[in-house]
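Just so you know, the protein sequences line up as chains A, B, C and D, in that order. Each residue of the first sequence is one higher than the one before, starting from 1 at the first, in the numbering used here. Each residue of the second sequence is one higher than the one before, starting from 1 at the first, in the numbering used here. Each residue of the third sequence is one higher than the one before, starting from 1 at the first, in the numbering used here. Each residue of the fourth sequence is one higher than the one before, starting from 1 at the first, in the numbering used here.
There are 4 protein chains.
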Amino acid sequence: MLVVMRVGATPKEIKTTVSAIRRMGLKPNVIPGALRVAIGITGNRGAIARERLEVLPGVAELVPVTKPYKLVSRETKPEDTVVTVGGRHSAVGSRPSKRPSSRKPKAESPKPAVFGANGFAVIAGPCAVESLKGALVVAKAVKAAGACAFRGGAYKPRTSPYSFQGLGRKGLDILRAVREETGLPVVTEAVDPESLEQVARHADMIQIGARNMQNYSLLRLAGQSRRPVLLKRGFSATFEEFLMAAEYILSEGNYQVVLCERGVRTFADYTRSTMDISLVPAVRKISHLPIIADPSHAAGRRDMVPALSRAALAAGAHGLILEVHPEPDRALSDGAQSLTLEGFAELMGSLRRIAAAMGAGPMPNDEG
Amino acid sequence: MLVVMRVGATPKEIKTTVSAIRRMGLKPNVIPGALRVAIGITGNRGAIARERLEVLPGVAELVPVTKPYKLVSRETKPEDTVVTVGGRHSAVGSRPSKRPSSRKPKAESPKPAVFGANGFAVIAGPCAVESLKGALVVAKAVKAAGACAFRGGAYKPRTSPYSFQGLGRKGLDILRAVREETGLPVVTEAVDPESLEQVARHADMIQIGARNMQNYSLLRLAGQSRRPVLLKRGFSATFEEFLMAAEYILSEGNYQVVLCERGVRTFADYTRSTMDISLVPAVRKISHLPIIADPSHAAGRRDMVPALSRAALAAGAHGLILEVHPEPDRALSDGAQSLTLEGFAELMGSLRRIAAAMGAGPMPNDEG
Amino acid sequence: MLVVMRVGATPKEIKTTVSAIRRMGLKPNVIPGALRVAIGITGNRGAIARERLEVLPGVAELVPVTKPYKLVSRETKPEDTVVTVGGRHSAVGSRPSKRPSSRKPKAESPKPAVFGANGFAVIAGPCAVESLKGALVVAKAVKAAGACAFRGGAYKPRTSPYSFQGLGRKGLDILRAVREETGLPVVTEAVDPESLEQVARHADMIQIGARNMQNYSLLRLAGQSRRPVLLKRGFSATFEEFLMAAEYILSEGNYQVVLCERGVRTFADYTRSTMDISLVPAVRKISHLPIIADPSHAAGRRDMVPALSRAALAAGAHGLILEVHPEPDRALSDGAQSLTLEGFAELMGSLRRIAAAMGAGPMPNDEG
Amino acid sequence: MLVVMRVGATPKEIKTTVSAIRRMGLKPNVIPGALRVAIGITGNRGAIARERLEVLPGVAELVPVTKPYKLVSRETKPEDTVVTVGGRHSAVGSRPSKRPSSRKPKAESPKPAVFGANGFAVIAGPCAVESLKGALVVAKAVKAAGACAFRGGAYKPRTSPYSFQGLGRKGLDILRAVREETGLPVVTEAVDPESLEQVARHADMIQIGARNMQNYSLLRLAGQSRRPVLLKRGFSATFEEFLMAAEYILSEGNYQVVLCERGVRTFADYTRSTMDISLVPAVRKISHLPIIADPSHAAGRRDMVPALSRAALAAGAHGLILEVHPEPDRALSDGAQSLTLEGFAELMGSLRRIAAAMGAGPMPNDEG
């Protein structure tokens, strides 16, 4: 059930309604909109006594929500959600850049990455952070080519317990240094409560990977954090399961969620997984959350990444997350799917032309 | 094995080489290229006595083919194949338009549809041909919007024996009349030897549907026909199986084959099947044949068709085949996935802009 | 719609009802049952005028059929269909065994294989028939071990046009000779109208392979034949599509159809396809037709065949079709999945013990 | 790499070898076998200096392990692992049953459930624990019918954040009371570090569900626990990924792992997921760990559970985990897939007969 408040409802009216919902043993979720506030009601197992709410001052109407997902649905919030990553919004954990320091002259003022609505934002970087020097080479190159955020794994979920598992806390330090020097917000994966706490503290966006898409405890913790979350679709998650995973995050009060299609498991054997391009228009129709694509992991091979990237843009994605490595064949993890620096720059050029033809707004880094 | 002839090899030299291959008990497949001729050798079970061919006049080199597919492979023919449908090339079966007739004033001079290389060609029309009047309404509308060929089922493979199975021979007559009045080449499906013979006689392009992709007898017959063939991928065909199905057609001497991705079976349940967009770059890399997409059947729902169409173009497809119906909800078959006439025109506009941004050549019907 | 006749309805009453249905422009399908006759009505696109049929003498009741499949459904025919292959029923095409001949002393009296109800029947033989001598070695061995029918491909649908395509007509002669010498009914695949005519003439059961499960023209021809049909599930056919394919055969008047699960396409990569064991109880619940399994093609590897065979029996399958070869590693086709003669005999022993524990009737060949 | 010690190698020799491996910067994993000890070496990224180990006293040979999984592989440990759950082995956390109490007269002496080798063990119980009274009704009934362990969810991973999430800690108390009254070991799922700690303390076996199969942090914690672990296959986990998930647990020192096939995601739509029966023989061939099946979750519908249960047994599974509920249609979760008490007892009868026919040892509860 969704309680839609009148345009101009006062904070007091909203507060009264929230209290009334709580007294009914239910959970109110206040959803601020461009014009007016809505309050999603969750926690009910049966019918809700509509009459107790309809009569409250400031309440415009009660709208039943027919889908299992509520807060992520356009029924609840018709306008697009815009998720802003980094920049002014990222005060927590960005302290290093505020301190006077000898490195300051190099520091760039942080500029947020914006996902949603009419924009197209590209996150790029290596699969795993391996060294500060290497990370900076990539970060500067992808920024120059138009990327608006830097990715790099510090905590890596690896199929084998004997594979390189990421640099951990040390990797986060490298990411912070990259942000300080380039001004790019940084995105990195959390794999458990400990790493989530660290990532929320030191990075600008928390990535929840495909393997953890139904790790509901982790989703709840991400929902309790104040950082934007990048949620990847599970290898065989249905559309509904994917939206419900996002619902877990929103239901804890964090509405800053970007969804990401990264390929699903099928019989097809010439790509590592099958990028389900139809998910993009499906999400745009049903949900207000931004949706981006990860062609690098979907294909698992570099030569397909440009075509899939262009396809995602043309299908309506709000952005991409791409793996880029200066020497892909020497990467510690997932080299085969990483673009070279040159390949990335070339791809960005063609994306920019298509985005313009589609009437999409300029890419976030296109100010010149 | 591939015998590459020298640039400027004489017809006699080619003929001699062909005869030598035949005398070895093998089958020569002459493949004319832009610059020179190659001869694919098929039918061998073991090693080929290279020395008997290398010494022949006009032979440049012998190249082993390492893939199970030979004639469809870029190893055999590096340059893109361009498939021309209708127009001057379609003399057979288009006799009606040559005869002086009272309808002549209405008749348009036939203009071929061209698939491959740098172009982007759109086939459009209703799922099934239901009446001449209805077909003409669609044909004129899609032509005006930029389509370069008309589709419409006369022989329909239906899951249920009790469903409408198409108008058959009468449907072909309607298609011919559509071609005569609009100048659009017509594409329609063949489902067995009898319908294939009829389709080859009366239409401009033979469609082999997903259900028959591994109906090898039908593929061989299509290969013996002189008509271009539109081959759809089976519901769960691997990349290799798809190319091998095309190989059946080429191995009979018909090199005019256009491949078509139409969605594959997966667990995903919000589209009828999952459009495997990665197939487009995969085909372009490995094969010289054109590849188009069928978003209507892939999605099974109209609202996703525009996004998937744009994605296919951006991924590098050479064209689309789309279902269009004046009143989709009254269609005898597959109405839910048909675009309206207005929806189609709007989509064509956005495709034209993206194609231009990609540096693709003009769409076949863009002469103004 | 199903017209259920009274117990004891006279042939004349049945005939009158059939005529009445025809006069309504519909198609009557007479389905003889153990106790009474039912008449399935197909061909209707809208409601049927019930009152015109309900009043006829001998008509007990009219039952609406709610599933898209009608004739294959238990709603139409509650009791199990029993399909008898070969033996007395196979007069057509078995002429060779009637002629006095010098080989007569060796000839065995033909014994039918029975599929359905409480029995468990095993078809066994090589993937492709390669020589009479080799076929006889296998046939005698599998008969001794308890197989009740012999399989062997004469017309092989091969992924590559350059692979061995079977001996064709000559292969059928070998199969006939095998039947003559061993008394085993023979089962072989038809791939197009020509081969279907030959197979119907010379073999005891027509196999329609997975690739042709939706080759509706071929299904109709199989329905017009008087031979029992073994219909394999397509690589990605849904339950409903599979039953509808069988419906095509039944709708032409041939009710002697055995269904066969042979594995479906999934992401799983350690077997060639994934045997969908759940299909067995699903078919037994919804349809009256027998269902068997083909573990050889499902797994594609010999070492899994015994476990999958036992699983199929335990899940309720009415039988198996298994590949057996005296020297699997020298087979021209599919050797890796063929059991050795010894492996087959061992497997049959364990199947016999489980069948007994399940209270299944004796296997058809167990008379001693 | 695997270091195989001589038969009769002394504890001191083993200790020396272990120390040598550690000094090389690698991790030794001591694997006690029936006849001799092996030491798996993990943690290496390159070649291992064999010569430093081959010369040590007590070392028989060094065997390279060619699969990505090491400790779970039969290459490392050829003989079947037998996992014992509950009974004497479950001292930790079962303190309540040791205290003198007024309920003592009812208490049954705990009897372990044994998985692996030639036995067949059935875990049964409701999807979620709802009340002690209800749980006891089921537990007594399934014990009487031959189950050897009780299952019941206390922490439920639910697709929707608004669904019943289990009773949590209170559910564990119910499970302990069930064990005390029936003597049945109890199995329940852990979903995060907190619940894992509680489950390890209070239950006899820790279940890791399909959604968490690649939650590597949780797997490591389970590996550090001393409880046996029931690891379910992820919805689309490959064979290798599944074994690698188990490898995470073993690599932390916990070798008491039972694998469980619970159905995979495919296009097939008449069951909730497709039980991949082939996994059973595949695991038995490659790994020494026991493998059981979960037909309730695979099918998602009660009517298929008996057939799939029998199939799993016949395919070689070491046991089953089944959902049973006294009134399935009133269950708070997953009622449609739960057997009734009567249905379960009937199924156990048929399983017992098949197990006997297969020469499997008696089911754990068959002492009379």
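Where a beta carbon is used, it is the ideal one built from N, C-alpha and C, also for glycine. A quick note: this is a predicted structure, and the numbers were derived from the prediction, not measured.
Secondary structure, alpha helix (DSSP H): runs of 4+ residues fully inside the stretch 135 to 222 of chain A = 169 to 182 and 193 to 202
C-alpha distance - Tyr248(B) paired with Tyr216(B), whole-angstrom precision = Residue mapping note: residue 248(B) aligns to position 248 of the second sequence, counting from 1. Residue mapping note: residue 216(B) aligns to position 216 of the second sequence, counting from 1. If you take the alpha carbons of Tyr248(B) and Tyr216(B), they lie about 7 Å apart.
Sub-8 Å separation of Thr182(B) and Lys133(B) beta-carbons | Looking up residue 182(B) in the second sequence gives position 182. Looking up residue 133(B) in the second sequence gives position 133. For Thr182(B) and Lys133(B), no; Cβs fall outside 8 Å.
Kindly list the residues whose CB is nearer than 8 Å to the CB of Thr16(C), restricted to its own chain and excluding five residues on each side of it in sequence; keep chain order.
-> Looking up residue 16(C) in the third sequence gives position 16. Here the set comprises Leu56, Pro57 and Gly58.
Beta-carbon gap between Glu261(C) and Leu243(C) smaller than 8 Å | Sequence index remark: in the third sequence, residue 261(C) carries index 261 (1-based). Sequence index remark: in the third sequence, residue 243(C) carries index 243 (1-based). For Glu261(C) and Leu243(C), no; Cβs fall outside 8 Å.
With a threshold of 16 other CB atoms inside 10 Å of the CB of Lys70(C), please say whether the residue is buried or exposed.
-> Residue mapping note: residue 70(C) aligns to position 70 of the third sequence, counting from 1. Label assigned to Lys70(C): buried.
From the DSSP output, which residues share a beta bridge with Ala124(B)?
-> As a working note, residue 124(B) is residue 124 in the second sequence. In the DSSP output, where bridge partners are listed per residue, Ala124(B) has Phe150(B) and Leu322(B).
Leu259(B), DSSP secondary structure in three states | Locating residue 259(B) in the second sequence gives position 259, where the first residue counts as 1. The answer is strand: DSSP assigns Leu259(B) an E or B state.
Would you kindly work out how many angstroms separate the C-alpha atoms of Ser109(D) and Pro78(D), rounded to a whole number?
-> The count along the fourth sequence starts at 1 and reaches residue 109(D) at position 109. The count along the fourth sequence starts at 1 and reaches residue 78(D) at position 78. Computed Cα separation, rounded: 34 Å.
Distance, Gln337(D) Cα to Ser73(A) Cα | Here residue 73(A) refers to the residue found at position 73 of the first sequence. Here residue 337(D) refers to the residue found at position 337 of the fourth sequence. Approximately 30 Å between the Cα atoms of the pair.
My understanding is that Leu259(B) touches Leu231(B), with C-beta atoms under 8 Å, so please give their C-beta distance in whole angstroms.
-> Position 259 of the second sequence, counting from 1, holds the residue named residue 259(B). Position 231 of the second sequence, counting from 1, holds the residue named residue 231(B). So it is a contact: roughly 6 Å between Cβ atoms.
At what residues does the alpha helix (DSSP H) containing Ile48(A) begin and finish?
-> On the first sequence, residue 48(A) is found 48 positions in, with the first residue counted as 1. From DSSP, Ile48(A) is part of no alpha helix (DSSP H); its letter is neither H nor E.
Helix, strand or coil for Leu250(C) per DSSP?
-> To locate residue 250(C), count along the third sequence from 1; it is residue 250. Here Leu250(C) sits in helix by DSSP.
Between the stretch 10 to 26 of chain C and the stretch 4 to 24 of chain B, do three or more beta carbon pairs fall short of 8 Å?
-> no
In angstroms, rounded to a whole number, what distance separates the CA positions of Asp294(D) and Ile321(C)?
-> Sequence index remark: in the fourth sequence, residue 294(D) carries index 294 (1-based). Sequence index remark: in the third sequence, residue 321(C) carries index 321 (1-based). Their backbone Cα atoms lie some 27 Å apart in a straight line.
For Tyr255(B) and chain A, any beta-carbon pair shorter than 8 Å?
-> Here residue 255(B) is taken as the residue at index 255 of the second sequence, counted from 1. By this cut-off, Tyr255(B) is not an interface position.
Count the other CB atoms within 10 Å of the CB of Ser273(A); is the residue buried (16 or more) or exposed (fewer)?
-> Position 273 of the first sequence, counted from the first residue, corresponds to residue 273(A). Flag for Ser273(A) reads buried.
Counting only the same chain and skipping the five closest in sequence on each side, list residues whose C-beta sits under 7 Å from that of Val221(A).
-> Within the first sequence, numbered from 1, the residue matching residue 221(A) stands at position 221. Note that residue 221(A) is Leu in the sequence shown, not Val. Here the set comprises Pro193 and Leu196.
Residue interval of the alpha helix (DSSP H) (run including Leu313(A)) | Within the first sequence, the letter at position 313 stands for residue 313(A). Note, Leu313(A): alpha helix (DSSP H), Val305 to Ala315.
Which chain B residues sit within Cβ distance under 7 Å of Arg265(D)?
-> Along the fourth sequence, one-based indexing puts residue 265(D) at 265. By Cβ distance, chain B contributes Phe267.
Give, in chain order, every residue of the stretch 307 to 318 of chain C whose Cβ lies closer than 9 Å to some Cβ of chain D.
-> Ala307, Leu308, Ser309, Arg310, Ala311, Ala312, Leu313, Ala314, Ala315 and Gly316
Among Arg227(D), Gly152(D) and Val82(D), which residue has its Cα nearest to the Cα of Arg179(D)?
-> Taking the first residue of the fourth sequence as position 1, residue 179(D) is located at position 179. Among Arg227(D), Gly152(D) and Val82(D), the Cα nearest to that of Arg179(D) belongs to Gly152(D).
Out of Thr238(D), Glu240(D), Phe239(D) and Tyr255(D), which has the shortest C-alpha to C-alpha gap to Ser225(D)?
-> Mapped onto the fourth sequence, residue 225(D) falls at position 225. Nearest of Thr238(D), Glu240(D), Phe239(D) and Tyr255(D) to Ser225(D), Cα basis: Tyr255(D).
How about Tyr270(C): is its C-beta nearer than 8 Å to some C-beta of chain D?
-> Here residue 270(C) is taken as the residue at index 270 of the third sequence, counted from 1. By this cut-off, Tyr270(C) is an interface position.
So, using beta-carbon positions, are Ala317(C) and His325(C) closer together than 8 Å?
-> What you label residue 317(C) is simply residue 317 of the third sequence in a count that begins at 1. What you label residue 325(C) is simply residue 325 of the third sequence in a count that begins at 1. Cβ distance not < 8 Å, so Ala317(C) and His325(C) don't count as in contact.
So which residues of chain C does Gln207(B) contact, with C-beta pairs closer than 9 Å?
-> For this step, residue 207(B) is matched to residue 207 along the second sequence. Ordered by position in chain C, no residue passes the 9 Å Cβ test against Gln207(B), which lies about 15 Å from the chain.
Is Glu54(A) helix, strand or coil when you go by DSSP?
-> In the first sequence, counting from the first residue as 1, residue 54(A) sits at position 54. Helix.
If the cut is a Cβ gap below 9 Å, which residues of chain C does Lys285(D) touch?
-> The residue you call residue 285(D) lines up with position 285 of the fourth sequence. In chain order: Asp303 and Met304.
Helix, strand or coil: which one does DSSP assign to Lys70(C)?
-> Within the third sequence, the letter at position 70 stands for residue 70(C). Reduced to three states, the DSSP call for Lys70(C) is coil.
Consider the Cβ of Val191(C): report whether some Cβ of chain B lies at a distance smaller than 8 Å.
-> By 1-based counting over the third sequence, the position of residue 191(C) is 191. So yes, Val191(C) belongs to the interface.
Can you tell me which of the three DSSP states Ala356(B) falls into?
-> Taking the second sequence and counting its residues from 1, the one referred to as residue 356(B) is at position 356. The answer is helix: DSSP assigns Ala356(B) an H, G or I state.
Proximal residues to Arg103(B) (C-beta, below 8 Å), its chain only, five neighbours per side dropped | As a working mapping, residue 103(B) is identified with position 103 in the second sequence. For Arg103(B), the predicted structure reports a pLDDT of 45, less than 50, and the residue's modelled location is therefore unreliable. The matter cannot be settled from this model.
Any beta-carbon of chain A closer than 8 Å to the one on Arg6(D)?
-> For the purposes of this step, residue 6(D) is identified with residue 6 of the fourth sequence, where counting begins at 1. By this cut-off, Arg6(D) is not an interface position.
Beta-carbon contacts of Gln165(C) that lie in its chain and below 7 Å, excluding the five residues immediately before and after = Position 165 of the third sequence, counted from the first residue, corresponds to residue 165(C). Around Gln165(C): Lys156 and Arg158.
Could you tell me which of Ala356(D), Asp80(D), Pro64(D) and Val114(D) sits nearest to Pro185(D), measuring between CA atoms?
-> To locate residue 185(D), count along the fourth sequence from 1; it is residue 185. Measuring from the Cα of Pro185(D), the nearest candidate turns out to be Val114(D).
In chain D, which residues lie less than 8 Å from Phe239(C) when you measure between Cβ atoms?
-> For the purposes of this step, residue 239(C) is taken as residue 239 along the third sequence, with counting starting at 1. Simply Ala268, Asp269 and Tyr270.
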